[in-house]
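Asks: Protein chains in written order, with the numbering used here: chain S, 1 to 199; chain V, 1 to 452. Every residue gets a Cβ at the ideal spot worked out from N, C-alpha and C, and that includes glycine. Take this structure first; my questions come after.
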Amino acid sequence: MTQEDVAITGEPITDAMCRFSVDRPVYPEKSFYFGSKEQAEGSILAERLFAIDGVRGVQISHNQVTVRKTGMDEWPVIGKQVGSAIRAFLSSGEPAVSDEVRQRILPADEIRERVQQVLDAKINPEVAQHGGVVRLIDVKDNVVYIQMGGGCQGCGQADVTLKFGIETAIRDAIPAVGDILDVTDHASGRNPYYVASAK
Amino acid sequence: MPRILLLLPTTTYRTEAFVAAAQRMDVDVTIGSERPNALARLNPTAFLTLSFHDPQQTARQVVDFAAAHPIDAVVAVDDQVTLAAAAICQALSLPQNSVGAVLASGNKHRMRQLFQRAGVPSPGFRLCRLNDDTEALAGQLHYPSVVKPLGLSGSQGVIRVDDAPEFVRTVERLTRILQAENEKEKAESRTSLAETVSAFRLAEQGDQQLSLPSHYLVEDYVAGPEVALEGLLSRGELRVLALFDKPDPLDGPFFEETIYVTPSRLHTVVQEQIACCTSQAVRALGLSEGPIHAELRLGHDGPYVIEVNARSIGGQCSRVLSFGTGVTLEELIIAHALDGDFEPPLRERRPAGVMMIPIRRAGRLSAVHGLDEAENVTGIEQVAISTHVGQELVPLPEGSGYLGFIFAKGASAEAVEAALREAHARLDFVIEQCDSQTQPANTKLEEGRSET
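Right, dumping it as structure tokens:
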């Protein structure tokens with residue numbers, strides 16, 4: 001296999017996130033999220049990706065590599081560097097997530113249990129005052145899926161609550177956790193606590 | 001890492017866009033809102049509850065907070081918070097619009113006066129009191145005219161009148177609208193802008209101390225198409241970010257915003273006149289920093305400035321704007337707030353447009369059909385419904401919200417406009433009659449037809 005043989009397709013999901021699909025497995029049948037350069041130490045692909053200016057998060061799932069970035073650099077520019085990093089990794093023969101990193105990860109069951117404790121003890125008693133509730137839907141590898149209900153579903157401030165409240169509380173309690181994804185259908189919220197209405 | 005204070009009213013449509021932009025820009029963020037976030041106690045450096053209608057108190061509170069957590073920039077996302085942002089920046093010695101300039105842009109009478117003094121082309125106007133002898137006044141006006149409250153936004157309470165009897169009925173209607181708004185303010189324990197102005201004791205703004213809810217403007221109606229200009233001010237210099245055509249005629253009696261398409265199809269000479277007029281208007285108001293959103297009418301003798309606001313485009317409309325190869329308007333605004341010398345990239349060349357889906361009849365939203373069909377129209381990027389099922393809907397002129405937003409891009413402005421209209425025609429909003437309302441239930445909206 002030469003590096004040129006590897007076909008990679010980039011698909012921007014948002015201005016801050018782009019999914020790169022590779023024509024072969026990168027991390028077969030598994031998924032892992034690296035939230036920092038430090039977390040990536042020892043994992044050659046993630047190390048190379050975090051070396052790219054502006055990269056702030058990397059999720060590797062089977063044949064997909066999803067990159068989050070900050071700043072105003074353009075995806076076409078960053079995409080070339082991401083492609084080079086993936087090709088170099090594939091030709092190295094190294095695992096996508098090093099054994100050392102894997103040993104540091106809490107098992108999904110333990111993450112699930114600890115996230116549930118944070119929701120029960122810290123988050124839900126607070127959001128209940130706004131008629132809301134936050135449920136843990138799943139943990140896959142170190143990625144946490146949550147859903148917001150009641151007054152939080154469709155609330156004009158849901159994004160703020162997620163990013164600056166829920167995420168912060170979970171990460172403070174479980175630093176090893178990866179991405180925290182909100183799977184709520186906010187458009188179906190029947191009784192949001194704050195309703196957007198101003199021009 | 002620099003810290004920004006995002007002033008986000010809980011009623012804004014723009015939370016997600018500004019939060020996403022701030023996170024992409026790798027800055028620490030503190031959110032200032034008028035009501036507490038449910039998780040404020042868990043992360044006290046991320047949340048501040050501020051009284052936006054008491055800017056002096058807000059400024060003191062932020063100064064105290066900034067002593068422990070220095071703030072490098074303040075970003076106001078909507079009309080309701082521009083005054084608080086100006087007061088905070090004044091207290092923290094950060095570059096921003098002056099309090100006086102923001103006050104002027106929030107009071108349509110003051111704005112008209114300043115435009116008139118500076119020779120900015122704008123409609124003729126007359127300040128009236130709700131308790132004036134309306135019938136006598138009706139005989140002194142010429143028609144058509146536009147009746148306009150001083151402090152509301154989103155075309156709320158703005159009504160065209162074509163003759164004297166209509167004028168009398170319209171003032172009665174406006175009185176009810178202003179009374180309802182006043183009751184709402186009281187219920188939410190808010191102070192009025194007039195009280196806020198008074199609290200500032202701005203002698204030079206003396207005429208603003210009139211009670212906004214008891215006065216209104218009667219303006220000359222300027223016939224012609226309307227445009228919207230999105231701009232960024234840096235030390236008073238205007239940079240035009242986008243000029244939008246509004247292809248739906250805004251002839252009244254109410255002035256509901258619908259389709260915006262950019263780039264403008266107007267001749268470049270006219271576009272330059274629009275930019276020139278807007279620059280004049282900005283100088284007249286004394287605005288100097290940050291985003292502006294201006295609305296102008298193209299009369300038979302050139303552009304007339306209808307208003308200039310010290311904020312960026314409202315609703316979720318900013319989603320239609322992309323700069324360079326993917327920079328959002330919110331990122332530009334935050335970058336500019338952090339660095340006044342920031343040079344914004346040009347808007348992407350591809351024509352783009354948004355349709356604000358108007359509320360055309362009162363009632364309660366019970367269902368929305370046709371979303372997939374609307375999103376499948378070629379050129380449509382997204383259909384975002386911003387109302388929730390069960391929500392009470394109030395159309396103009398009493399209300400001021402939208403059912404949602406449709407976003408499109410295409411090879412030409414014409415293609416974008418056609419896609420927006422087609423997508424809107426495929427949407428079906430089922431609106432049921434509320435107990436207090438008398439209109440028929442389950443009436444399907446028809447494209448371009450007002451049911452008000």
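Flag Ser-31/S as yes if its beta-carbon sits less than 9 Å from any beta-carbon of chain V, otherwise no.
Replies: False, the Cβ-Cβ gap to chain V never drops below 9 Å.
Asks: Taking Cβ-Cβ distances below 8 Å as the criterion, which residues of the segment 110-129 of chain S are in contact with chain V?
Replies: Those would be Lys-122, Ile-123, Glu-126, Val-127, Gln-129, in chain order.
Asks: Among Asp-15/S, Lys-140/S, Arg-104/S, which residue has its Cα nearest to the Cα of Leu-275/S?
Replies: Any question about residue 275/S goes unanswered here, given that chain S covers just 1 to 199.
Asks: State whether the segment 22-35 of chain V contacts the segment 96-107 of chain V, with contact taken as three or more CB pairs (one from each stretch) at a distance under 8 Å.
Replies: As far as the Cβ criterion goes, the segment 22-35 of chain V does not touch the segment 96-107 of chain V, which means the pair count is below three.
Asks: What residue range is occupied by the uninterrupted alpha helix (DSSP H) comprising Phe-167/V?
Replies: It spans 164-187 - the alpha helix (DSSP H) in which Phe-167/V sits, taken as one unbroken run.
Asks: Looking at Thr-262/V and Gly-353/V, is the spacing between their C-beta atoms short of 9 Å?
Replies: Cβ atoms of Gly-353/V and Thr-262/V: closer than 9 Å.
Asks: Nearest to Arg-190/S by CA position, among Ala-415/V, Gly-390/V, Gly-399/V, is which residue?
Replies: For the residues Ala-415/V, Gly-390/V, Gly-399/V, the minimum Cα distance to Arg-190/S belongs to Gly-390/V.
Asks: What residues are listed by DSSP as bridge partners for Arg-135/S?
Replies: Beta-bridge pairing links Arg-135/S to Gln-147/S.
Asks: What does the Cβ neighbour count give for Leu-346/V, buried or exposed, with the cut at 16 atoms within 10 Å?
Replies: Per the 10 Å Cβ criterion, exposed.
Asks: Taking just the CA atoms, how far does Gln-271/V sit from Leu-39/V?
Replies: Their Cα atoms are separated by approximately 47 Å.
Asks: Could you check how far apart the C-beta atoms of Ile-313/V and His-293/V are, in whole angstroms? I think they sit under 8 Å.
Replies: Confirmed, Cβ separation roughly 5 Å.
Asks: Between the segment 132-149 of chain V and the segment 220-228 of chain V, do three or more beta carbon pairs fall short of 8 Å?
Replies: The answer is yes - the segment 220-228 of chain V touches the segment 132-149 of chain V, with three or more Cβ pairs under 8 Å.
Asks: What residue range is occupied by the uninterrupted beta strand (DSSP E) comprising Leu-238/V?
Replies: Note, Leu-238/V: beta strand (DSSP E), 237-246.
Asks: Closer than 6 Å by C-beta to Ile-380/V: which residues in its own chain qualify, once you throw out the five before and the five after it? Chain order, please.
Replies: The residues are Ala-408, Ala-419, Ala-423.
Asks: According to DSSP, simplified to helix, strand and coil, what is Ile-44/S?
Replies: Helix, per DSSP.
Asks: Name, in chain order, the residues that DSSP records as bridge partners for Val-67/S.
Replies: Beta-bridge pairing links Val-67/S to Cys-18/S, Val-58/S.
Asks: At a Cβ threshold of 9 Å, is Ile-146/S touching chain V?
Replies: Judged by the 9 Å Cβ criterion, Ile-146/S is not in contact with chain V.
Asks: Leaving out five residues on either side along the sequence, give the residues of the same chain with a beta carbon under 7 Å from the beta carbon of Ala-367/V.
Replies: Contacts found: Val-389, Val-430.
Asks: Following the continuous alpha helix (DSSP H) through Phe-65/V, name the residue where it begins and the one where it ends.
Replies: Unbroken alpha helix (DSSP H) run through Phe-65/V: 55-68.
Asks: Give the C-beta separation of Val-120/V and Val-305/V to the nearest angstrom, bearing in mind that I take them to be a contact with Cβ-Cβ under 8 Å.
Replies: About 6 Å; that satisfies the 8 Å criterion.
Asks: For Val-195/S and Gln-382/V, I'd like the C-alpha separation in whole angstroms.
Replies: One C-alpha to the other measures close to 21 Å.
Asks: Are the beta-carbon atoms of Ile-123/S and Val-82/S separated by less than 9 Å?
Replies: Their beta carbons are not under 9 Å apart, which means Ile-123/S does not touch Val-82/S by this criterion.
Asks: Measure from the C-beta of Ile-166/S to each C-beta in chain V and report whether the shortest distance is under 9 Å.
Replies: Closer than 9 Å: yes.
Asks: Tell me which same chain residues have a C-beta within less than 6 Å of the C-beta of Arg-364/V, skipping the five on either side of it?
Replies: Cβ neighbours of Arg-364/V beyond the five flanking positions: Glu-392, Glu-432, Cys-434.
Asks: Less than 9 Å between CB atoms is the rule here; does Ala-7/S satisfy it with respect to chain V?
Replies: Chain V, which has no Cβ nearer than 9 Å to the Cβ of Ala-7/S, makes this no.
Asks: Counting only beta-carbon atoms, is Thr-184/S nearer than 9 Å to chain V?
Replies: For Thr-184/S, the answer is no, since every Cβ of chain V falls outside 9 Å of its Cβ.
Asks: To the nearest angstrom, how far is it from the Cα of Thr-58/V to the Cα of Gly-315/V?
Replies: Going from the Cα of Thr-58/V to the Cα of Gly-315/V covers about 25 Å.
Asks: Given the structure, does Pro-2/V come close to the ligand GDP, in the sense that its CB is under 8 Å from one of the ligand's heavy atoms?
Replies: Absence of the ligand GDP from the depicted structure is noted, as is the absence of any ligand whatsoever, leaving it without description.
Asks: In the segment 217-233 of chain V, which residues sit with their C-beta less than 9 Å from some C-beta in chain S, listed in chain order?
Replies: Those would be none; no residue qualifies.
Asks: Determine the extent of the beta strand (DSSP E) in which Gln-157/S is found, giving its start and end residues.
Replies: No beta strand (DSSP E) holds Gln-157/S; DSSP gives it neither H nor E.
Asks: Note down, in chain order, every chain S residue with its Cβ under 8 Å from the Cβ of Leu-42/V.
Replies: Those are Lys-122, Ile-123, Glu-126, Gly-165, Thr-168, Ala-169, listed as they occur along chain S.
Asks: Can you find a C-beta in chain V that's less than 9 Å from the C-beta of Asp-159/S?
Replies: Yes, Asp-159/S counts as interfacial toward chain V.
Asks: Could you spell out the range, first to last residue, of the beta strand (DSSP E) harbouring Ala-118/V?
Replies: Here Ala-118/V belongs to no beta strand (DSSP E); instead the alpha helix (DSSP H) covers 108-118.
Asks: Any contact between the segment 28-39 of chain S and the segment 108-118 of chain S? By contact I mean 3 or more CB pairs, one from each, below 8 Å.
Replies: No, because fewer than three Cβ pairs between the segment 28-39 of chain S and the segment 108-118 of chain S fall closer than 8 Å, the two stretches do not touch.
Asks: Looking at chain V, is there any beta carbon in it that lies within less than 9 Å of the beta carbon of Asn-142/S?
Replies: Not closer than 9 Å to any Cβ of chain V, the Cβ of Asn-142/S fails to qualify, so no.
Asks: Less than 9 Å between CB atoms is the rule here; does Lys-69/S satisfy it with respect to chain V?
Replies: It does; some Cβ of chain V falls within 9 Å.
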